[in-house]
Every structure is written in structure tokens, then in C-alpha cells.
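*Asks:*
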Amino acid sequence: MLQLPTDCLNDIFEYLEDDKITLYSCLLSSRLLCKISVRFLWKSIRNYNTLIACLPNESKEILYKNGIIIISILNSKPPMFNYASFCKFLSIHEVYNNIKRLLNKQQSILTQDMIYIVSQEIIKLLMFQVSSLKKLEFFDLSSKQHTIFISYPGAKDCLSDLSELHCDSHIYPEFFYQLSQICHNIQTLYISFKKIISNGLTDLISVQKNLKYLCMFQYNECGDMTNIIISLTKIPNTLIKLNIYGGSHYMQLSFIHRFTNLQELILSFSNIQSFEEFKKLQYITFSKLQILKFIHECPRNELLIKFLENNGRNLKEFYIIKSNDSLNSAIIKFCPNIKKLSNGLTNNELETLKMFFISCKYLESIKICCEGDFNEKNLLQVVAKYSPQNFYELILTYSYNAQSELIPEELESFFVSWANRIPQRLLSLIIVGNYDAFTLNMNDENKKIIEKYAELCIIKEKLIL
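Our numbering puts the first residue of the sequence shown at 1103, with every later residue one more than the last.
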């Protein structure tokens, strides 16, 4: 039987990485496929009993001396593989929580010290065995002791090529300081900002040479972000995705002007004051910007329109809670290549919907807000008649008091019209319900019609409550 080269098999398994069923089936196929599939399955820790069995004798002795008896150690055969060496993703809090669950089943008396000791021996093993960790998650475990793993033997080599970090802001400063000495090429950084913001975090941010994706969450009683903003002004212009979830907090946004290579900008503030500094951004050109989302509040109309005038041509996705005539006109005028649009358009604005369909030739998806007592008939007729050839996704979001009055004959007429379109595309109908809303698919006869045309591959339905 012809055997593919190992490099070729590795490429195939990279493609199958998320298909766990196929990977598991390869374990029993052949020695070679087993060896490769195990390596992919164990990028994340698959089994803590197995990992504990891989502990060196020195670690097992530490557990024994502390009265920690684990069945997988007593009954284990020598491991078939060096499973720890395959790990590429490490979540400190997941290690702690999984060890806690495992010990809970096996120890008659369980203390926090026991959980800590086993967790640290596992992490010590990983620091020594993993040649290049790619992703690290470290959230507060309310103990300075948990930060010492960064000084374990092998940690410097293990963490030197770290490309993704998820962390809290109030982890002990020494952790961030030591990491800043090792990791200069983090590409993805998620930070949850709490009341305390460690000084070492600014050191870590400012030494990054190739940061691509930054996601910042500000929680209640979030500390002063001034030094964080300053550290962001020191990094190169490499950022392509910036997501800020600020809630009711105020944040200086003028620093964004430095990152002219941004492809995605998501801003979530319930405090409109944060957008006062948007006036400094309205004239900046982000020539590569493709995704722009305002999750809650947004800049003043005139600022946003000017921003779209400068940056709308390459936009593929635009999200805003509520729009108006002037902003809708600006989207139509300045965003000719838009593919996905959510701008608070309601079922009462069908003429505006027609304008979007006629003017935005590449539009693929639109979100409509359904309010009050209404019949979707006219809306669906507009979609069937005016939506461009590439259109394939209709999202209907029902407000809490919305009451659909669409009858089965009208729904079927729409599906027939859609089926007759050339070229024919499968319609993704996404229905987002709400408390007290009566959506079109709650009618039993409508539900049968939806099922009928789903079986005919005319539509696919997704219900979100």
C-alpha cells in the first residue's frame, strides 16, 4: 500500500485538526497515523489521569509525601507517548479546576494545598517538556504562588515563542515582568481589566514587536487605563484587529489613529462620552479596514459619516444599533462593497431596504428589527425581488412585543420566489426571538412550511432565543 510522506500527512491532519471523530478513528488505523493523530489531539490536554501518569518519579514522590494518592499513578503502565510534549495550549485555571475535580473523586480529605501541589507538578512537567507553547490562559487564582511556574526549568524555552495570551490585569506584577523578558512576539492578546492593573502589564505590552490582535475588556471598578494607553503608543503599527469592550467606562480612543493597518475595529461602550475622541479619528484613513462594529453607543452622526467617507470603500461588515436617514445615505454612498449590514433597520423602512439592495451589489446579509404587530409579507417580497445575487442571509430580530401575522400561504409564496431566483442560493433564515415575541415560525403551519423547504434545500433555519 502506497504511504504518503510524513509532511503530506501532517498537512492533512492540520486540516482535520477540529474533526475529533476522525482523529480518534486514526488512533487504531496504523502506528504512523496513531502517532500523528495523538500529536494533534494532545495540543490541548485530553486526559489528566494520563498526564499524571507521565509525571517523573520526583513529582510522584512529592505527591506521595503530601498524602496525595492518585489511582492513575498506582495502576498505570508506562505511557505510550510523551503526551505532555504535544501540548500547545495551556490554561492555568483549567488545570487547577480539572485537578480539583479529579482529586474530589479520589481523596477522602481534599485541601487547597493538595490541589495546588498536583497542579504545579503538572505545570512543571509541561514547562519542561513542551518545546514551544503557542497559547497561554492565566486568570487570577488569588495566589501569588501560582505565578512561579514562569521560573520552572524549561519555562524560558517553552514560552519564548508564545503567540497568544489571555490574562487578567491584576496578576502579580512579577509574572508580567518575567514574561516581558521572554515573550516579544505575542500576536494575540486578550486582557480583562479589573480594579488593579499591574505595573508589569505595561512592560509586557510595550515590548511586543508583532501584535496583530488586541482585545480589551473593562470590568466594573476598572483601574486607571492611562499607562496602558501609553504603552500601546510604543508598539509598532502591526495591529490588524482591535476590540474594546468598555461598558460604562470612559477610555481615550485617540491612540487608535496610530494603527492604520487595522482590518477590524469593534467598540462596545454604553457611555457615549468615550466617543468624544472619535473626532480625532474621523479624518484618519484606515485603508485596510473591513469590519466596523459599534455594539452599544456610537459616535455622533456627523463624525461617523465623515469616518465612513474616508474609510467606507473597503468595508465588508458594518454594525450599529440604530441608524437614521442621513447615516443610511452615507452607508449607501460610501460603502459600495459592504457584504454584511446590521444598522437597526426596521420592518417599517422597506423603501430604505430597497435602496440598500439596489445600491449595495455585494450585500450578502442584512439584519431587520421586527417591531409591534406586523405582517412580514411585504418585507419578504422586497427581499425576494430586490436583494442582489450574492444575498443569502436574512436575520429577523423580534423585539419583546413583536407579533408576527404572517400566514402560511404568504410564507410559501416567498420560498417559491426564492427558489426561482437565478442563480439559486440556499437562504439562511435566522430568527432571533425575545421575551413575549411571537415569531413567524411559532405558527405551526409556518413551521411545517419551513421544514418542507429546508428538506428541499431551499432554506436553512436557525432559531436564537
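Ideal Cβ placement from N, Cα and C applies to all residues, glycine included.
Within 10 angstroms of the Cβ of residue 1427, are there 16 or more other Cβ atoms? Answer buried if so, exposed if not.
*Replies:* It is exposed - the Cβ of residue 1427 has fewer than 16 other Cβ atoms within 10 Å.
*Asks:* On a Cα-Cα basis, can you pick out the residue from 1253, 1233, 1303 and 1296 that is closest to residue 1267?
*Replies:* Among 1253, 1233, 1303 and 1296, the Cα nearest to that of residue 1267 is on 1303.
*Asks:* If you drop the 5 nearest sequence neighbours on each side, which residues of the same chain put their C-beta closer than 6 Å to that of residue 1430?
*Replies:* These residues qualify, in order along the chain: 1454.
*Asks:* On the premise that residue 1380 lies in contact with residue 1414, defined as a C-beta separation below 8 Å, what is that separation, rounded to the nearest angstrom?
*Replies:* Between residue 1380 and residue 1414 the Cβ distance is about 15 Å, and since that is not below 8 Å, they are no contact.
*Asks:* Determine contact between the segment 1346-1354 and the segment 1363-1373, defined as no fewer than three beta-carbon pairs at a distance below 8 Å.
*Replies:* Yes: the two stretches touch, three or more of their Cβ pairs being nearer than 8 Å.
*Asks:* For residue 1401, count the other beta carbons within 10 Å of its own beta carbon; 16 or more makes it buried, fewer makes it exposed. Which is it?
*Replies:* Label assigned to residue 1401: buried.
*Asks:* With DSSP run on the structure shown, which of helix, strand or coil describes residue 1169?
*Replies:* Residue state, collapsed to three classes: coil.
*Asks:* Just the C-alpha distance for residue 1104 and residue 1227, rounded to the nearest angstrom, thanks.
*Replies:* Low local confidence applies: a pLDDT of 47 at residue 1104 is under 50, so the model's placement there is unreliable, and no value is given.
*Asks:* For residue 1345, which residues from the same chain have a beta carbon less than 6 Å from its beta carbon, with the 5 sequence-adjacent residues on both sides left out?
*Replies:* Cβ within range, chain order: 1317 and 1368.
*Asks:* If you drop the 5 nearest sequence neighbours on each side, which residues of the same chain put their C-beta closer than 8 Å to that of residue 1289?
*Replies:* Excluding residues within five positions, the ones whose Cβ falls inside 8 Å are 1265, 1266, 1312, 1313, 1314 and 1315.
*Asks:* What does residue 1573 pair with, by DSSP beta-bridge criteria?
*Replies:* Lying before the first or after the last residue shown, residue 1573 is absent from the chain, which here runs from 1103 to 1567.
*Asks:* Just to confirm, is the Cβ distance from residue 1390 to residue 1363 under 7 Å?
*Replies:* Yes, Cβ-Cβ distance for residue 1390 and residue 1363 is below 7 Å.
*Asks:* For residue 1366, which residues does DSSP report across the bridge?
*Replies:* BP columns for residue 1366 point to 1343 and 1393.
*Asks:* Which residues mark the beginning and the end of the beta strand (DSSP E) in which residue 1286 is found?
*Replies:* Premise fails: residue 1286 is in no beta strand (DSSP E) and is neither H nor E.
*Asks:* Taking only three categories from DSSP, how would you classify residue 1104?
*Replies:* Low per-residue confidence applies at residue 1104: pLDDT is 47, beneath 50, and the placement is therefore not dependable enough to give any value.
*Asks:* Measuring straight from C-alpha to C-alpha, what distance separates residue 1566 and residue 1445?
*Replies:* Taking the straight line from one Cα to the other gives about 19 Å.
*Asks:* For a minimum of 4 consecutive residues, which ranges assigned as the alpha helix (DSSP H) are wholly contained in the segment 1448-1479?
*Replies:* As far as the segment 1448-1479 is concerned, its whole alpha helix (DSSP H) runs of at least 4 residues are 1452-1461.
*Asks:* If we count the other Cβ atoms within 10 Å of its Cβ and call it buried at 16 or more, is residue 1229 buried or exposed?
*Replies:* Counting Cβ neighbours within 10 Å, residue 1229 comes out buried, since at least 16 surround it.
*Asks:* Return yes when the Cβ of residue 1236 is within less than 7 Å of the Cβ of residue 1271, no when it is not.
*Replies:* Contact flag unset, no.
*Asks:* What number of angstroms, rounded off, separates the C-alpha of residue 1489 from the C-alpha of residue 1540?
*Replies:* The straight-line gap from Cα to Cα measures roughly 26 Å.
*Asks:* Would a C-beta distance cut-off of 7 Å place residue 1217 and residue 1207 closer than the cut-off?
*Replies:* For residue 1217 and residue 1207, no; Cβs fall outside 7 Å.
*Asks:* Work out the CA separation of residue 1549 and residue 1556 for me, nearest whole Å.
*Replies:* Looking at the two C-alpha atoms, the distance is approximately 10 Å.
*Asks:* Would you check if the distance between the CB atom of residue 1496 and the CB atom of residue 1533 is smaller than 7 Å?
*Replies:* Taking 7 Å as the Cβ cut-off, residue 1496 and residue 1533 do not qualify as a contacting pair.
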